[in-house]
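Here the protein sequences come in this chain order: A and B.
The opening residue of the first sequence carries number 14 in this note's numbering; numbering runs sequentially from there.
The opening residue of the second sequence carries number 14 in this note's numbering; numbering runs sequentially from there.
Positions of the beta carbon are idealized from the N, C-alpha and C atoms, including for glycine.
Report on one structure; see the data block that follows.
2 protein chains.
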Amino acid sequence: MPRANSSREGVLDAFEQIVIEQGERVATLSAVAEQAGVSKGGLLYHFSSKQALVDGLLERLVELVEADLEWLGEGPESVVERFIRSSTLDGSSLDRTFTALARIVQSTDHPDIRPALARVEAAWYELVLAEVGDPDVARLVVLASDGLYFRGVLDPQAPQPDAADIDRMVQTLGRLVAKD
Amino acid sequence: MPRANSSREGVLDAFEQIVIEQGERVATLSAVAEQAGVSKGGLLYHFSSKQALVDGLLERLVELVEADLEWLGEGPESVVERFIRSSTLDGSSLDRTFTALARIVQSTDHPDIRPALARVEAAWYELVLAEVGDPDVARLVVLASDGLYFRGVLDPQAPQPDAADIDRMVQTLGRLVAKD
DNA sequence: GTCTATACATGGATAGAC
DNA sequence: GTCTATCCATGTATAGAC
Numbered sequence: 014m015p016r017a018n019s020s021r022e023g024v025l026d027a028f029e030q031i032v033i034e035q036g037e038r039v040a041t042l043s044a045v046a047e048q049a050g051v052s053k054g055g056l057l058y059h060f061s062s063k064q065a066l067v068d069g070l071l072e073r074l075v076e077l078v079e080a081d082l083e084w085l086g087e088g089p090e091s092v093v094e095r096f097i098r099s100s101t102l103d104g105s106s107l108d109r110t111f112t113a114l115a116r117i118v119q120s121t122d123h124p125d126i127r128p129a130l131a132r133v134e135a136a137w138y139e140l141v142l143a144e145v146g147d148p149d150v151a152r153l154v155v156l157a158s159d160g161l162y163f164r165g166v167l168d169p170q171a172p173q174p175d176a177a178d179i180d181r182m183v184q185t186l187g188r189l190v191a192k193d
Numbered sequence: 014m015p016r017a018n019s020s021r022e023g024v025l026d027a028f029e030q031i032v033i034e035q036g037e038r039v040a041t042l043s044a045v046a047e048q049a050g051v052s053k054g055g056l057l058y059h060f061s062s063k064q065a066l067v068d069g070l071l072e073r074l075v076e077l078v079e080a081d082l083e084w085l086g087e088g089p090e091s092v093v094e095r096f097i098r099s100s101t102l103d104g105s106s107l108d109r110t111f112t113a114l115a116r117i118v119q120s121t122d123h124p125d126i127r128p129a130l131a132r133v134e135a136a137w138y139e140l141v142l143a144e145v146g147d148p149d150v151a152r153l154v155v156l157a158s159d160g161l162y163f164r165g166v167l168d169p170q171a172p173q174p175d176a177a178d179i180d181r182m183v184q185t186l187g188r189l190v191a192k193d
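Rendered as structure tokens:
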């Protein structure tokens, strides 16, 4: 087989982008099709329904998360540092997919999405816990990260905290870890 | 004049409830009307458009926030404690209105809502900062609180952290304040 | 694989009776 | 102040040509 249908991925990208930048309601089939540069009919060839589009994003999330968890584990810096740093919406693929799904799940009931997002959160927590030891501190780290996400999700256009901001956050959290 | 139109408030309550429990997309005029126990026409007498409904929630937010900020300031416990404790979605009026608006603003562009929510966040930050002194710690407190909110917003049906959870969080944060 | 045309359902909003 | 009836626009989805 050639390469994962690039037109299909393009449609998914377009869907993601509109949901993030303009909201779930704006992401109609026509809008997504136009953004992806195909016709409505063309889009529906790849994704036979709106739900199929959402399912496509979910699959994408699963793949990206796997890679992310590996990445968080390896490397010299602490997991906490990498974790906090990556929870700002820097436009990485995972961030975008996560944000889009977080929005979609809020706009109407998608019973399949919630558990997936919850599983991601749980995996993150375990990874942080393994490093810092204290469950309360781990919880705080994950919550702060969620807080950063929340702001990004609330307003993806808002200015993200810069490197110095992140540094100070990590250091502040570090005071808790050091004291154990 | 008699009393703030109770039927009007009922419609607003219904709108809020559906947005929170089932998502913005489900909160159609018919659905809201039915939930409020009036007809679509009846609803539209009080709120002449969907936008008017949203505006109604915004006004409500402003009122409730004013009361909340006062409440956070007075009383014997620390602001941090009250703040964290109240950021769990216990179903208070402010929580509900905030959650509903946070969802609405994500589903399509509502230029008027974002600044209002941002102002609320800023006010909370200032209040916490005044107590803890250290901007980095204050930031962390507010972010953790946002994280709690985020989880609630993501899934209002999920089990909320109980009193003991909150206690441990406050204590953990307290270790940072004490060390200053 | 991608397009156009069209059917069908539904959401927002108006008109006017009671 | 609340209701019913109705109009209009738009979003999802199907059919079938190319």
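Neighbourhood of ALA115 (chain A) in chain B, by CB distance below 7 Å: LEU167, in chain order. Approximately 7 Å separates the beta-carbon atoms of ARG164 (chain B) and ALA171 (chain B); this is inside 8 Å, confirming the contact.
Around the beta carbon of TYR162 (chain A), 16 or more other beta carbons lie within 10 angstroms, which makes this residue buried. Collapsing the DSSP output to three states places ALA171 (chain A) in coil.
Identification of chain A residues near VAL141 (chain B) by a Cβ-Cβ cut-off of 8 Å yields none; the smallest Cβ-Cβ distance measures about 13 Å. CA-CA distance, GLU72 (chain A) to SER19 (chain A), rounds to 16 Å. Against GLN119 (chain B), the close residues of chain A are GLY36, GLU37, ARG116, GLN119, SER120, VAL166, LEU167, in the order they occur along the chain (beta-carbon pairs closer than 8 Å). Runs of the beta strand (DSSP E) lying entirely within the segment 39 to 105 of chain A, each at least 3 residues long, are absent. Below 8 Å, enough C-beta pairs join the segment 69 to 83 of chain A and the segment 110 to 124 of chain A to call them touching: three or more. Going by DSSP, THR121 (chain B) is part of no alpha helix (DSSP H) at all; its letter is neither H nor E. Rounded to the nearest whole angstrom, the C-alpha separation of SER91 (chain B) and ASP147 (chain B) is 15 Å.
Among the residues of chain B, none has a CB under 8 Å from the CB of ARG95 (chain A); the nearest is roughly 17 Å distant. With its beta carbon at least 8 Å from every one in chain B, GLY146 (chain A) lies outside the interface. Taking 8 Å as the threshold, the shortest C-beta distance from TYR162 (chain A) to chain B falls below it. For ASP149 (chain A), the residues of chain B that pass the 8 Å Cβ criterion are ARG181, MET182, GLN184, THR185, in the order they occur in the chain.
GLY36 (chain B): not part of any alpha helix (DSSP H); DSSP gives it neither H nor E. Remark: fewer than three beta-carbon pairs, one from each stretch, lie closer than 8 Å, so the segment 82 to 91 of chain B and the segment 54 to 64 of chain B are not flagged as touching. In terms of CA proximity to ASP81 (chain B), B:GLU134 leads the group B:VAL183, B:GLU134, B:LYS53, B:PRO169.
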